[in-house]
Structure formats: C-alpha cells, structure tokens
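Engineer: In the working numbering, the protein residues as written are 4 to 368.
The beta carbon of each residue, even a glycine, is placed where N, CA and C say it ideally should be.
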C-alpha cells in the first residue's frame, strides 16, 4: 500500500476550504476580542479600585479631621496656667468653656497622678470619682502622647470616645491628665450614611477591632461587638491600597481597609458583582458578540466554500462522464478566466483528444 493509499481522515476540498476560511477569519477576531476584553477588564478594575480607595480615603480623612480637632483642643487647653495648677476651682471655667464650645463633648475633666478626679465640667463632685484603673489614664502615665478608650455611654447607650493627654508642670513632669469624653454620633452617622453602589457600605472598628459604627446595623447584635473575625481585618494587602477579595455570606466581596490617626480601622466593602457589574456585563456582551461572529463566519465561509467547490464538483462529474465514453458531455466553465476555467478548457481538450484517439482505433479495426 502506497503512502497515498493509507487510510485516514479524508477531507473534501469543500471541507478544507471551509475550515481554512473559518480559521483565517476567527484568528484576528479572537485576537481583537481578547485584547479589547483585557483592556476593558483592566480599566474597569482600576475604576472599581479607585472608587473604593477614594471612598475609604475620604471617610478616613473625615474621621481623622474630627479627631485632630479634638486633640488640638485637648492639647491647647492642657497648657493653660489654670489647668496646669491642678486646682479644681481654677480648672472648672476652662473645662466648662471647652464643654460648651463642642456640642459632641459631654464631659471634660482632669485627673491627678494618683487617679483621683480633680476638676469637672459638670456639677458632680470630683471626690466621687477615681479613674486610676482606666485605660486612657494608664496610657498617658505610661508615656503615650494620647490616651484613648471607646466605651458605651451610660446615658446614651451608644459608643463614646474618651481622649486624654498629659498636663505637664514647669519641669515637664506629668502633673495630671486632661480628658475629653465625646459622643461618636457624628462619626457614626458618616459611616452609616456611606453608600457605595447597591451593596457597598463602611465599618469602623477601634484598636481592639470592636465595632464603633457599622453601615449595616442589623448585622451587629450589640454595641462594641468584636469584629476580629471579619475577613477584611484578617486579610493582608499585598500592596498599599490593593483591594481585598474574600467570601462572606456566600457572596464574593471586595474591600479596602484604611488606618486612622487613632489606630482605628476603616473598612469599605462592596459585593463583587455590584462593584464589577459593568465589567461582567461587558464580558457577557463579548461572549454574545463572539457567538454571533462565529455563526456569521461559519455561514459566510460555508457559502463561499460551496461557491468555490461547486465548479470543481461539476468538473469532477464531467471528467467521470467522459471517462465512461460520453464525449458529448457539455463542459461548463470554459469561459471563466480563472483556474477553474483553465481546468475546464483542459478537460475539454482532453475529451476531444480521447474522442479522436477512439475514432482512429475504430477506423483501424
């Protein structure tokens, strides 16, 4: 058996032309769609990252601005002579003035190095209060420039912040601690009011990952709930500002976290499908476009392949007829000026030559 006669997959010229045209048409189309899809995905990913980053930076800036305002008041008040005197009577007018100037502050007070309350902005007696065991007081005495503690307000039953700073004597020693107790209503409202797309919201937690404010209040069962298990808090960003992707409640979520001045963590999160909705829609449209283009290419290739293969089929049938002695068979396509026409004319000449040869043989016999 020769190499030409070995069995195998035999494709007709029609199928070869069809496959060739489909491949030639789809390669540039697929390349164009891939490059365009890659560029589109990269652009939308950047837009989504930018949106979450700008939201996180803006919220962190507002929280930091609010904290800085209170820290500046605390520090400026702590250097006043009446406050440095550690005399409750002299301190009271200053403490009352600070309290009345800032509506979110509900108490301004001072504490001696022994933890005993010295001065207060309200009418309570300082002798009734001992703050030596408070975290913010200990932080200042341990040398920190700012002491802080988030607590639940006794009257409001909502998160409140106590900021504390040192009161320094003339020799720079710590003569006492000045503290500012504030409602976090304004900060909480900023977090709660933050909306990103259809599903995005923000969360603010303190240094111990306790919830200060949550954009979805129904998800927390108590004030200052421990959110240490939140996926965004446990995840590490590969680079600053990079989005964190994780699963939560059966959904894919993207998030960005940002540290504030006091070491709090701000989390901005959004469902993946919501954040990348335009990208997902573009992908679906691209798949529809590819499917439509594929159908169109196959139809066009099929029609063109038939148009190219049909004359060859006809000439094959004519050649078969001539081989059976039908020399009068009409040969189509001789008037064409392409290769098909040249082949038709060659078959015509071959038919004439064979007929003449047969005629000579018959005369000799």
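#1: Would you check if the distance between the CB atom of residue 216 and the CB atom of residue 162 is smaller than 9 Å?
#2: Pull up the distance between the alpha-carbon of residue 358 and that of residue 330, whole angstroms please.
#3: Give a yes or no on whether the C-beta atoms belonging to residue 30 and residue 312 are separated by under 9 Å.
#4: Give the single residue among 60, 237, 342, 346 whose Cα lies nearest to the Cα of residue 334.
#5: What span of residues does the beta strand (DSSP E) with residue 249 cover, start to end?
#6: Apply the 10 Å Cβ neighbour rule to residue 269 and answer buried if 16 or more other Cβ atoms are within range, or exposed otherwise.
#7: Spatial neighbours of residue 2 within its chain, please: C-beta separation below 8 Å, excluding the five flanking residues on both sides.
#8: Return helix, strand or coil for residue 37, following the three-state DSSP convention.
#9: Can you tell which of 22, 35, 67, 36 has its C-alpha closest to the C-alpha of residue 369?
#10: Quick check on residue 47: buried or exposed, where buried means 16 or more other Cβ atoms within 10 Å of its Cβ?
#11: Go ahead and pull the three-state DSSP assignment for residue 6.
#12: Measuring straight from C-alpha to C-alpha, what distance separates residue 150 and residue 90?
#13: Based on the DSSP output, what are the partners of residue 162 in its beta bridges?
#14: Per DSSP, what kind of secondary structure is residue 199 in: helix, strand or coil?
#15: Can the beta-carbon of residue 207 be found less than 9 Å from the beta-carbon of residue 224?
#16: If you measure between the beta carbons of residue 57 and residue 111, is that distance less than 9 Å?
#17: Could you tell me which of 122, 271, 289, 88 sits nearest to residue 33, measuring between CA atoms?
#18: Given a threshold of 16 other Cβ atoms within 10 Å of its Cβ, counted over all protein chains shown, does residue 349 qualify as buried or as exposed?
#19: Looking at residue 271: is its Cβ nearer than 9 Å to the Cβ of residue 197?
#20: Between the Cα of residue 260 and those of 284, 35, 319, 55, spot the shortest distance and give me the residue it belongs to.
#21: Would the stretch 318-330 count as touching the stretch 300-310 if we require 3 or more Cβ pairs under 8 Å?
Structural biologist: Walking through what the data contain:
#1: yes
#2: 6 Å
#3: no
#4: 346
#5: 247-251
#6: buried
#7: Here the chain comprises residues numbered 4 to 368, so residue 2 is not present and cannot be evaluated.
#8: helix
#9: With the chain covering only 4 through 368, there is no way to say anything about residue 369.
#10: buried
#11: In this predicted model, residue 6 has a pLDDT of only 49, less than 50, meaning its place in the structure is not dependable; the value taken from the coordinates is given anyway. Three-state result, residue 6: helix.
#12: 22 Å
#13: 155
#14: strand
#15: no
#16: no
#17: 289
#18: exposed
#19: yes
#20: 55
#21: no
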